[in-house]
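Everything on this sheet refers to the single structure shown next.
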Amino acid sequence: MKIGFFGAGKVGFTLGKYFRMHGVEVTGYYSRSIQSAQEAADFTGTQAFAKAGDLTDASDVLFFTLPDGALRGFYEELRSETIQNKIFCHCSGALTARDAFPDIEQYGATGFSVHPLFAVSDKYHAYEELADVFFTLEGSEERLDFMEMWLKSLALKVKVVAPAVKVKYHCAAALASNYVIALLALSRRLLAECGFSPAEAERALMPLFAGNARHIAADGMVAALTGPVERGDLGTIRKHLDCLEPEAAQLYDLLAQELLMTAQAKNPARDYSSIKEFLLQSADLKGRFA
1 MKIGFFGAGK VGFTLGKYFR MHGVEVTGYY SRSIQSAQEA ADFTGTQAFA
51 KAGDLTDASD VLFFTLPDGA LRGFYEELRS ETIQNKIFCH CSGALTARDA
101 FPDIEQYGAT GFSVHPLFAV SDKYHAYEEL ADVFFTLEGS EERLDFMEMW
151 LKSLALKVKV VAPAVKVKYH CAAALASNYV IALLALSRRL LAECGFSPAE
201 AERALMPLFA GNARHIAADG MVAALTGPVE RGDLGTIRKH LDCLEPEAAQ
251 LYDLLAQELL MTAQAKNPAR DYSSIKEFLL QSADLKGRFA
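Heads up: the sequence shown is residues 1 to 290, going by the UniProt record's numbering.
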């Protein structure tokens with residue numbers, strides 16, 4: 001199959017390079033900026049296209065590596081009988097295939113969402129990490145099995161998801177990626193209240209964060225869990241909650257309740273009932289007196 005890309009950003013660079021390295025024929029790139037298309041083409045050893053229609057004609061599968069807000073409008077510019085038998089794929093985590101390509105089957109084509117569960121931060125090197133990344137696939141039933149097998153043939157890990165859970169899936173990804181930074185920012189602020197400069201706090205937290213991440217990656221979340229919740233240390237949990245401002249205490253409480261489930265999985269014989277009761281009472285009081 002011949003693969004073309006609409007959009008020459010980080011995701012387009014990364015997928016194009018990965019596909020090329022796995023023997024896929026990549027026709028090239030179209031972008032509103034011909035310079036961006038040429039840069040991506042140079043990086044992948046392919047071609048820059050000045051017209052979107054020419055790339056469509058030259059390709060069997062078109063990847064729309066565009067911002068979410070631009071997907072549907074760009075598709076509508078291309079929509080015509082000329083897309084018959086084409087496969088359109090977008091890479092949005094939050095949007096379904098139907099959101100971007102609402103009537104694609106009427107034109108004899110099929111549409112999919114193909115989303116890497118991965119933060120693409122470096123367009124020149126991220127392709128080297130894709131072998132460890134899960135891709136979620138959702139879209140037209142007619143060729144869903146074909147797309148799944150094709151992606152797996154490229155040594156990619158693929159999980160098919162239903163359109164109804166696409167937003168929940170994306171929420172899970174955001175929590176594990178973006179929202180971890182929110183927790184680190186809160187930790188940095190608390191260390192600043194202990195006398196650390198912001199830079200010192202960030203440097204101090206990085207080995208803790210990185211070491212825990214490595215442990216999770218190597219051994220799994222259950223084995224990696226440590227700390228007062230896992231130990232059943234209610235006294236320390238009380239002290240933590242007492243030292244926090246109400247909003248931060250509420251967040252701590254909710255996260256501790258979530259951690260309890262992992263702690264119970266790690267230590268099924270340990271009695272966590274007193275911590276569970278305390279956290280539920282604490283959350284109830286905060287709700288009533290907020």
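Glycine included, every Cβ here is placed at the ideal spot set by N, Cα and C. Quick caveat: nothing in here was measured; it's all calculated off a predicted structure.
- Of the residues Pro-163, Ile-34 and Leu-156, the one whose Cα lies closest to the Cα of Phe-118 is Leu-156.
- The continuous stretches of alpha helix (DSSP H) do not include Gly-45, and DSSP gives it neither H nor E.
- Just measuring C-alpha positions, the residue of Ala-70, Gly-93 and Tyr-107 sitting nearest Lys-86 is Tyr-107.
- Distance from the CA of Ser-282 to the CA of Ser-177, rounded to the nearest whole angstrom, comes to 28 Å.
- Closest option to Leu-279, judged by alpha-carbon separation, among Ser-187, Phe-64 and Asp-253: Asp-253.
- Between Ala-52 and Ala-41, the CB-CB gap reaches or exceeds 8 Å.
- Separation of Asn-212 and Gln-264 (C-alpha to C-alpha, rounded to the nearest whole angstrom) is 19 Å.
- In this structure, Thr-96 lies away from Glu-142, with their beta-carbon atoms at least 8 Å apart.
- In this structure Thr-14 is not in contact with Val-114, their Cβ atoms being roughly 12 Å apart against a cut-off of 8 Å.
- Scanning Ala-8, Leu-130 and Phe-209 for the CA closest to the CA of Pro-67 turns up Ala-8.
- Closest in C-alpha terms to Ala-223, from the list Thr-262, Ala-185 and Met-206, comes Thr-262.
- Annotated three-state conformation of Pro-67 is coil, per DSSP.
- Collapsing the DSSP output to three states places Lys-239 in a helix.
- The DSSP-derived three-state label of Val-167 is helix.
- Annotation: the continuous alpha helix (DSSP H) that includes Gly-211 extends over 198 to 219.
- Nearest Cα to His-90 within the set Phe-101, Thr-110, Asp-99 and Phe-64: Phe-64.
- Within the same chain, Cβ atoms closer than 8 Å to the Cβ of Leu-186 are found at Ala-248 and Leu-251, the five residues on either side in sequence being excluded.
- Taking the Cα of Phe-146 as reference, the smallest distance to any Cα among Glu-77, Ala-131 and Val-61 is reached at Val-61.
- C-alpha of Glu-128 to C-alpha of Phe-74: approximately 29 Å in a straight line.
- Beta-bridge analysis with DSSP links Leu-62 to Gly-4 and Phe-88.
- Counted as a single uninterrupted DSSP element, the beta strand (DSSP E) harbouring Pro-116 occupies residues 110 to 116.
- Here Ala-94 is not near Leu-71, since their CB atoms are 8 Å or more apart.
- Between Asp-122 and Glu-39, the alpha-carbon positions lie close to 14 Å from each other.
- Here Thr-96 carries a coil assignment [DSSP, helix/strand/coil].
- Per the coordinates, the alpha-carbon of Lys-2 lies some 9 Å from the alpha-carbon of Gly-28.
- About 29 Å separates the beta carbons of Ile-181 and Leu-234, which is beyond the 8 Å limit, so they are not a contact pair.
- In the structure shown, Thr-136 adopts extended strand secondary structure according to DSSP, grouped into three states.
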